[in-house]
Amino acid sequence: MAFVRTILDRISTITGRRSEEQPPQEDAGSGATEPADEAEVRSIYLNYRAQSVKYVSNAVSTAKYNFLTFLPKFLFEQFRKYSNLFFLCITLIQQIPLVSPTGRYTTLVPLLFILFVSAVKEIIEDFKRHRADDETNNRKILVLRGGIWVTLKWKELQVGDIVKVVNDQEFPADLVLLSSSEPQGMCYVETSNLDGETNLKIRQGLPQTANLLIHEDVAAMEGRIECEGPNRHLYEFVGNIRLRGSSKISSSHESTALLNDSPSINSDEIISDELKSPIPLGPDQILLRGAQLKNTKWVFGAVVYTGHESKLMMNSTSAPLKRSTMEVMTNTQILYMLFLLLSLALLSTIASEVWDSRHKHIHWYLPDNEKGNFFLTFLTFIILYNNLIPISLPVTIEVVKFIQAFFISWDIDMYHTDSNTPAVARTSNLNEELGQVKYIFSDKTGTLTRNVMEFKKCSVAGEIYGDGSETEDGFRDPRLTGSLHRGQAATKDVQNFLTFMAVCHTVVPEKDHTDPSIVHYQAASPDEAALVNAAKELGFIFSVRTPEYVTIDALGQEEKYEVLNVLEFNSYRKRMSVIVRNPEGTIYLYCKGADTVIYERLAEDSPYKEVTLQHLSEFANEGLRTLCFAGREISKEEYEEWSETYYKASTSLQNRDTKLDEAAELIEKNLFLHGASAIEDKLQWGVPETIETLSKADIKIWVLTGDKQETAINIGFSCKLLKEAMPLMIINEENHDDTRETLLRHVNTFGDQLGKENEVGLIIDGLSLKYALSFELRKEFLDLAVSCKAVICCRVSPLQKAEIVEMVKKSCQAITLAIGDGANDVGMIQAAHVGIGISGHEGLQAACASDYSIAQFRFLIKLLLVHGVWSYCRLSKVILYSFYKNITLYIIEFWFIWVNGMSAQILFDRWCIGLYNVFFTALPPFAIGLFDRTCTEHSLVQFPALYKPSQNSELFNTKVFWMWTANAFYHSALLFWIPLGALVTDVAWSNGHIGDHYFLGNMVYTYCVIVVCVKSGLETDAWTWCSHFAIWGSILFWVVFFGFYSLSWPVIPVSPEMSGQAAAVFSSGIFWMLLILMPILVLMRDVIWKVVRRTMYKTLAEKVQEAELRHEDPTTVIEQATRKTLTETSRLLKNLFTRKPSRPVADPYEMTQHGYAFSQEEHGVIPQSQLIRAYDTTKSKPEGL
2 MAFVRTILDR ISTITGRRSE EQPPQEDAGS GATEPADEAE VRSIYLNYRA QSVKYVSNAV
62 STAKYNFLTF LPKFLFEQFR KYSNLFFLCI TLIQQIPLVS PTGRYTTLVP LLFILFVSAV
122 KEIIEDFKRH RADDETNNRK ILVLRGGIWV TLKWKELQVG DIVKVVNDQE FPADLVLLSS
182 SEPQGMCYVE TSNLDGETNL KIRQGLPQTA NLLIHEDVAA MEGRIECEGP NRHLYEFVGN
242 IRLRGSSKIS SSHESTALLN DSPSINSDEI ISDELKSPIP LGPDQILLRG AQLKNTKWVF
302 GAVVYTGHES KLMMNSTSAP LKRSTMEVMT NTQILYMLFL LLSLALLSTI ASEVWDSRHK
362 HIHWYLPDNE KGNFFLTFLT FIILYNNLIP ISLPVTIEVV KFIQAFFISW DIDMYHTDSN
422 TPAVARTSNL NEELGQVKYI FSDKTGTLTR NVMEFKKCSV AGEIYGDGSE TEDGFRDPRL
482 TGSLHRGQAA TKDVQNFLTF MAVCHTVVPE KDHTDPSIVH YQAASPDEAA LVNAAKELGF
542 IFSVRTPEYV TIDALGQEEK YEVLNVLEFN SYRKRMSVIV RNPEGTIYLY CKGADTVIYE
602 RLAEDSPYKE VTLQHLSEFA NEGLRTLCFA GREISKEEYE EWSETYYKAS TSLQNRDTKL
662 DEAAELIEKN LFLHGASAIE DKLQWGVPET IETLSKADIK IWVLTGDKQE TAINIGFSCK
722 LLKEAMPLMI INEENHDDTR ETLLRHVNTF GDQLGKENEV GLIIDGLSLK YALSFELRKE
782 FLDLAVSCKA VICCRVSPLQ KAEIVEMVKK SCQAITLAIG DGANDVGMIQ AAHVGIGISG
842 HEGLQAACAS DYSIAQFRFL IKLLLVHGVW SYCRLSKVIL YSFYKNITLY IIEFWFIWVN
902 GMSAQILFDR WCIGLYNVFF TALPPFAIGL FDRTCTEHSL VQFPALYKPS QNSELFNTKV
962 FWMWTANAFY HSALLFWIPL GALVTDVAWS NGHIGDHYFL GNMVYTYCVI VVCVKSGLET
1022 DAWTWCSHFA IWGSILFWVV FFGFYSLSWP VIPVSPEMSG QAAAVFSSGI FWMLLILMPI
1082 LVLMRDVIWK VVRRTMYKTL AEKVQEAELR HEDPTTVIEQ ATRKTLTETS RLLKNLFTRK
1142 PSRPVADPYE MTQHGYAFSQ EEHGVIPQSQ LIRAYDTTKS KPEGL
């Protein structure tokens, strides 16, 4: 029976339904990590059977809609707009018989047209997102199918596939690393797309799979991976892999009998599942989608999570339905306008009931036996006044925004020639938000920087070499190369320094397979890669690494250095050392690191200390990353004694890392300074100038990066976000209590300056930020952050980035913009009011999830200061003007009821009412929305202060809206009562005849069209031929239409009451007299107000406009308006904040860091000291074929 239990256990293993009470015997004592929750366990078969579960596709989508969700999502989005919801209600009310005075379809048809136009716009915009998704999904990858490598699209990948990824390719899904071209199954991975870190990380396959180096071995491998279900934890992975054993189940009599008695059991299935004990898998074997393979020829990996179940995509959220602040405010004003409409309808209904009750016994045509229906009358007046809310406003705004988005995409100034990348507006709903941004949250790597390190300068023997100029060939300085070749006095110092650069590192050389004379370098640290490449360019070529020694070619002479020890870099040590035996047999210690830690370990008589420190300060002021180089000779006796101490520390079972650091301290002392290096983390073009310009526009910039604190600070200085004299608050605490204490101390220091912008920089790391974002400390952290000129958050996770943006977005009531280029930026891009994606080297995830994509950070200037300001100003006027023109016409119906017996009789023809927005006043809003501008593009870019009116919502707010509304009421009153008074006091024609109410209505309608069109001209800042066409063309179109319309009956059986109206109106002397007087009388107040305001209360934009018209330089005007003085409190703040040293100050040199920054993975799967021992570059690598 024991054998029966074994067979049943194996069968249950196949189906993944193993009993919890009786785990399989093969798992006992294996040391494998079993997933805790069996409901989440995923079993993946490799090479020997189909998957038992159908997993999600590897295709991903960042679009808002698909075929099934478009209609419900679109309708929800459209009817979130109160105007559309209101007109839907009006459409339903109009279907009630005998209620609508304007017909049943006069609202339905325009509403359907509006929804149709909006749907087309949304489809076109979402098509762009689908196209970007297709570009990602259709990338190619090598997949093992049927024992051969085939090229498939990413979207065709399936869980369980084995793929081959080559150097510089992104991983198409989440993979378990099986083997690679590197020793021991190692590979280098760049995760800047996931966490923002620029240094390379090492992943390593299991020893049991690391020998799968040719495709035949991979094809022959059979096994099963058991792992946890999909989750969003980027740095966690738990699983096992079971490989198939070489022996099969013996055909004993007992097993044969059992199988014969159990026909449901497949003997082939049991035999094929003869798997070995599970081998644990962890984070060191997982390769995440979005990461990139670097410095590794190829890797084989098994797909475990695909598509939206990959960790990258699970950290993303669905594309949000964003609404602009202007749209929200417009919705609010529509609610108020609806309240006004209902109030007018209620007042009119009450007045109608009162009038009917008083006159029904007097006027014979009012039946006295019929009771009025108050509610139906109320609905009738609602329909009569419903156009106070302009039905054409949504479609006008949609079309204007849509075309504005094309203006952004067509802007040649935002086209990046090198990458052939234009700016792309992926949505047009947020154009005006670009002109109101107060906070910018920026990623660092790939957004501010190019993720390219270049050796720029060095200090050797008290001399600075290198001019820092841009060169294609790398570092060049004739003085340095001349000292090497001409035998100058400094030759030995320079040679030692360059030898130092070529030997002290953990870089691995690799010769080009096409040209062995060309050497490429694999480096986990981009800083070390820059140093080794610079040494190579200067004639000190690092060429060979073996487990025992390294070889360099020093000016044509081969030198071999035996590597004795490597003392690794970490954030606490801030240095790394290599102990070597040089060709002369001398043991020498090379140590490089931060100036603070190197200087305190220098010998008293070490030369060039002071001058090198000055050079470091110069380098730091230029934003360069600095390292100090020092070393000393070690006697054989000292080394042997220390080596024994170090060996004991390396084998210690308790506090090993601490003891290793203490052992390193024993030998890293009494050093002699060799020099210092200055490396540029190359910025994107124009980043410092862009940040300076945006700061002048009163936009606060926060940098949110996953990189290290030193690197982040260094970039802050190089991009001019941090100024040289700016005091820094560095919050770098390890627990909640210390974080609270530090925050409160800094908050109290600000005093009454808290909440105001001060020339102070705030630096906070991810751990401290974790506590600072807690509910208890969030307010203090926010108060502190908004009081600072610049904020840099380092070592932050994608979730923390999004949380910071959400905090500022909700608490500060300010428009936020997030910009990034990696998948780790998607969360904050979607959380911000406006998300900008950089179409960079880190993939398209950020660009696909963004609202707008640009190729360079510098394009923000044009996008915000020009397109943002123009869009905001234009849309403000479009909205205000649309309400104005509707109120001006339709409130005349309210004035008319006071002379028509309080009835709902219309003054104008119903089709004239319906076509008012569609034809006769449709063009002026488009002319304003597309072609008007406050100032020229040059002025907006040159003078960022012009951004502030739109940023502060000065052109569209509640006060401005109701001022326009009051003005519309005033104009409508003049337009109705003056013509009515003229007809009451005089006759319309010389023959004594008088006109009917349609005659009055057509006169008033004509004057109204002329007044509202001319009013649009008064509000236009930049007249173009389009403006003239829109204004005078609209007036002419009404006149021509009126003439033909009055002649159309009975040929066209529509509106017989309009027959002959044009002839009657145009033959009246009163009409022609008022045609001249009415525009003057109605608009006189507007003209006078403009003259007074532009004379006595001129805005900055208006001053610049006038300077432009005079062809003068507006610089003087801008300087007078934006001059600032530094308050005494701000001066005091400069002296209050000092950097908190990491340990008691023992030396004056430690008081300031001079641009130190160094990137390298810490606590990786393989220590650097072991990593370099694994390589022997004298041997060829497998090709993986």
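Following the working numbering, the numbering of the sequence shown begins with 2 at its first residue and continues without gaps. Cβ coordinates follow ideal geometry from the N, Cα and C atoms, glycine included.
Relative to the C-alpha of residue i, which candidate in the options has its C-alpha closest?
{"i": "L890", "options": "L532, L768, T552 and T966", "result": "T966"}
{"i": "K295", "options": "V190, N232, L214 and I351", "result": "V190"}
{"i": "E619", "options": "S1035, C459, K298 and L377", "result": "C459"}
{"i": "D187", "options": "L195, V177, N194 and S193", "result": "Note on residue identity: the sequence assigns Met, not Asp, to residue 187. The candidate whose alpha carbon is nearest that of M187 is V177."}
{"i": "L783", "options": "M808, K439, E171 and R626", "result": "M808"}
{"i": "Q906", "options": "V110, I404, T381 and E605", "result": "T381"}
{"i": "W912", "options": "S877, I995 and N1003", "result": "N1003"}
{"i": "P279", "options": "H309, N388, V239 and E78", "result": "V239"}
{"i": "A1", "options": "A665, E434 and Y600", "result": "Nothing in the structure corresponds to residue 1, since the chain is present only between 2 and 1186."}
{"i": "N194", "options": "I979, E183, Q293 and T108", "result": "Q293"}
{"i": "T1179", "options": "Y56, K55 and V509", "result": "V509"}
{"i": "S991", "options": "F1072, V961, A791 and F172", "result": "F1072"}
{"i": "R50", "options": "M903, R245, P1057 and Y1006", "result": "R245"}
{"i": "I764", "options": "Q754, A850, S788 and G930", "result": "S788"}
{"i": "P799", "options": "R779, A824, K790 and V792", "result": "A824"}
Where residue i and residue j are concerned, what is the direct C-alpha to C-alpha distance, given to the nearest angstrom?
{"i": "Q1062", "j": "L1037", "result": "17 Å"}
{"i": "S951", "j": "N887", "result": "25 Å"}
{"i": "R1174", "j": "T547", "result": "7 Å"}
{"i": "I1257", "j": "R243", "result": "What the structure shows of the chain is the stretch from 2 to 1186, and residue 1257 is not part of that stretch, so it cannot be assessed."}
{"i": "R1086", "j": "S973", "result": "13 Å"}
{"i": "Y648", "j": "Y640", "result": "12 Å"}
{"i": "K949", "j": "R1095", "result": "18 Å"}
{"i": "E529", "j": "L289", "result": "25 Å"}
{"i": "V425", "j": "L603", "result": "55 Å"}
{"i": "T922", "j": "V1013", "result": "8 Å"}
{"i": "L1137", "j": "F77", "result": "At L1137, the pLDDT of 49 sits below 50, so the modelled position is not reliable; the number obtained from the coordinates is stated separately. Their backbone Cα atoms lie some 53 Å apart in a straight line."}
{"i": "K724", "j": "W703", "result": "14 Å"}
{"i": "T1130", "j": "N759", "result": "The predicted position of T1130 is uncertain, since its pLDDT is 46 and thus under 50; no value can be drawn from it."}
{"i": "I115", "j": "T326", "result": "21 Å"}
{"i": "G632", "j": "I599", "result": "10 Å"}
{"i": "V956", "j": "W899", "result": "The sequence as given places Leu at residue 956; Val does not occur at that position. When rounded, the distance between both Cα atoms is 35 Å."}
Are the CB atoms of residue i and residue j nearer to each other than 8 Å?
{"i": "L112", "j": "I413", "result": "no"}
{"i": "M1059", "j": "D910", "result": "yes"}
{"i": "S872", "j": "N430", "result": "no"}
{"i": "I163", "j": "L47", "result": "yes"}
{"i": "A847", "j": "V827", "result": "yes"}
{"i": "H506", "j": "V545", "result": "no"}
{"i": "L684", "j": "R451", "result": "yes"}
{"i": "I441", "j": "I91", "result": "no"}
{"i": "K1091", "j": "L1001", "result": "no"}
Taking only heavy atoms of the ligand ADP into account, decide whether any of them is closer than 7 Å to the Cβ of residue i.
{"i": "L1076", "result": "By its list of ligands, the structure shown contains no ligand whatsoever, and the ligand ADP lies outside what it can speak to."}
Item to check | Every unbroken alpha helix (DSSP H) inside the region 907-973 [4 residues or more] | outcome: 911-916, 924-932, 938-943 and 949-952
Checklist entry - Between the region 308-322 and the region 231-239, do at least 3 Cβ pairs fall closer than 8 Å? => result yes
Next on the checklist: Assess contact between the region 734-754 and the region 773-783, defined as three or more Cβ pairs (one per stretch) separated by less than 8 Å. Is contact present?
Outcome noted: yes
Checklist entry - What are the complete beta strand (DSSP E) segments, minimum 3 residues, inside the region 683-748? => result 701-705 and 729-732
Checklist entry - Is it a yes or a no for the region 749-759 touching the region 674-694, going by three-plus beta-carbon pairs under 8 Å? => result no
Checklist entry - So, do the region 573-590 and the region 680-689 have three or more beta carbon pairs nearer to each other than 8 Å? => result no
Checklist entry - Hey, is the region 206-223 in contact with the region 553-563, meaning 3+ C-beta pairs nearer than 8 Å? => result no
Item to check | Three CB pairs or more closer than 8 Å across the region 709-717 and the region 659-667 | outcome: no
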